[in-house]
Amino acid sequence: MRKRQHRVEVYLSDKEYDMLTKNVEKTGLSREAYLRSLIANTVPKELPPMQFFDVLRELRQLNVNMNQIALKAHTLNLIDAPYYEKCHKELQSVVGEIKREIYK
Numbered sequence: 006m007r008k009r010q011h012r013v014e015v016y017l018s019d020k021e022y023d024m025l026t027k028n029v030e031k032t033g034l035s036r037e038a039y040l041r042s043l044i045a046n047t048v049p050k051e052l053p054p055m056q057f058f059d060v061l062r063e064l065r066q067l068n069v070n071m072n073q074i075a076l077k078a079h080t081l082n083l084i085d086a087p088y089y090e091k092c093h094k095e096l097q098s099v100v101g102e103i104k105r106e107i108y109k
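Adding 5 to a residue's 1-based position in the sequence shown gives its number in my numbering.
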């Protein structure tokens, strides 16, 4: 049995419909889910730009590299300083890129 038994029809002008469609596309939700969230007094958040996922992938790879360096340092009681410094600079670069995108 359906959880939602009540159907509601709403007529919109072309301008209103276009605005609704654009807002729904920004969130990645279905039109129904978008409207339900508005009814529940929660404004749906927009999906982050695709660059966000690229940066997140880079950060994850840097994290893996840093963990490998830490494991090697712990096992051998020494650290590969040049490689660690390279990873550190790369991480700082990615963090700077994130800050520039957020604070445009």
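Heads up, the beta-carbon is just placed ideally off N, CA and C, and yes, glycines get one too. Remember, predicted model here, so these are calculated numbers, not experimental data.
Residue i versus residue j: straight-line alpha-carbon distance, rounded
i     : j      : result
ASN70 : ASP85  : 12 angstroms
ALA78 : LYS8   : 57 angstroms
SER98 : ASN72  : 18 angstroms
THR80 : ILE74  : 10 angstroms
TYR89 : LEU83  : 12 angstroms
TYR22 : HIS93  : 48 angstroms
LEU43 : HIS11  : 17 angstroms
ARG62 : GLU106 : 16 angstroms
PHE57 : ARG65  : 12 angstroms
PRO87 : LYS104 : 26 angstroms
ASP19 : ARG36  : 16 angstroms
ALA45 : LYS91  : 48 angstroms
ARG41 : MET6   : 19 angstroms
Residue i and residue j closer than 8 angstroms at C-beta
i      : j     : result
VAL29  : TYR16 : no
LEU148 : LYS27 : This structure leaves residue 148 out entirely; the chain is present only between 6 and 109.
LEU67  : GLU95 : yes
GLU14  : VAL60 : no
LEU34  : PRO54 : no
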